[in-house]
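Enquirer: Quick one: the structure is below, and I'll ask about it shortly.
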Amino acid sequence: MTKSNFTILDGFPADVVAIEAHGEITRADYEQTLIPLIEARIKAEGKIKLFYLIARDFAGYTVSAMWDDTRLGLSHLRDFARVALVTDVGWIRNGARMFAPLIPAPVHVFALSERHQAEEWVKAPGNEPPHEPGVDVTHKLQTMEDFQSEEP
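My numbering puts the first residue of the sequence shown at 46, with every later residue one more than the last.
Structure representation (structure tokens):
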């Protein structure tokens with residue numbers, strides 16, 4: 046068995062899957078670590094919360110890992126109560142904000158400097174979203190009205 050680029054983080058409640066990604070994430074990382082962990086936790090807890098920290102030494106995903114991530118997310122779409130993504134990687138932050146409205150649970154993106162706030166948010170009691178699914182209330186999607194200028 047090879048060493049995983051996912052580190053399972055301790056100190057979280059049973060309903061929280063907490064992981065940290067290092068280096069290049071591969072299909073093996075998903076198949077040997079993340080998928081079994083998430084599926085076992087869902088079986089034991091029902092809805093789960095995800096704390097996903099992208100470390101400073103993160104080098105990206107292989108194509109097969111991205112596919113596994115997509116399959117995992119789609120097959121367990123309704124099994125997440127909330128998702129805290131902690132990263133300073135711009136394309137991941139932007140992608141999470143873009144796809145968050147499609148996820149039926151609150152998704153909140155935090156900077157690495159906000160790790161403590163992310164941990165507190167994901168550890169908060171309750172397995173049901175406190176508001177409508179999708180982008181957390183701190184992230185507002187712009188509407189056409191936001192682009193209209195006032196008449197003089």
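Don't be surprised by glycine CBs; every beta carbon is placed ideally from N, CA and C. Note that the structure is a prediction, hence the values are computed from the model and not measured.
From the DSSP output, read off the bridge partner residues of V154.
Expert: Partner(s): L130.
Enquirer: Can you name the start and end residues of the alpha helix (DSSP H) that R123 belongs to?
Expert: No alpha helix (DSSP H) holds R123; DSSP gives it neither H nor E.
Enquirer: In the structure shown, what three-state DSSP assignment does T52 receive?
Expert: T52: strand per DSSP, three-state reduction.
Enquirer: Along the chain, which unbroken stretches of the beta strand (DSSP E) at least 3 residues long are found entirely within the region 56-124?
Expert: Here the runs fully enclosed are 61-70, 93-106.
Enquirer: Buried or exposed: where does S158 fall if 16 or more other Cβ atoms within 10 Å of its Cβ makes it buried?
Expert: So S158 ends up on the exposed side.
Enquirer: Measure the alpha-carbon distance for P151 versus V128 and round it to whole angstroms.
Expert: Going from the Cα of P151 to the Cα of V128 covers about 6 Å.
Enquirer: Kindly confirm or deny that the region 71-78 and the region 89-105 touch, where touching means at least three C-beta pairs closer than 8 Å.
Expert: These segments do not touch.
Enquirer: Throw me the rounded Cβ distance for the E90 and D60 pair, which I believe falls under 8 Å.
Expert: Rounded, the Cβ-Cβ distance is 5 Å, consistent with contact.
Enquirer: Within 10 angstroms of its Cβ, does T33 collect 16 or more other Cβ (buried), or is it exposed?
Expert: There is simply no residue 33 to check, as the chain begins at 46 and stops at 197 in what is shown.
Enquirer: Looking at V62 and I83, is the spacing between their C-beta atoms short of 8 Å?
Expert: A contact, by the Cβ cut-off of 8 Å.
Enquirer: According to DSSP, is P170 part of a helix, a strand, or is it coil?
Expert: Coil, per DSSP.
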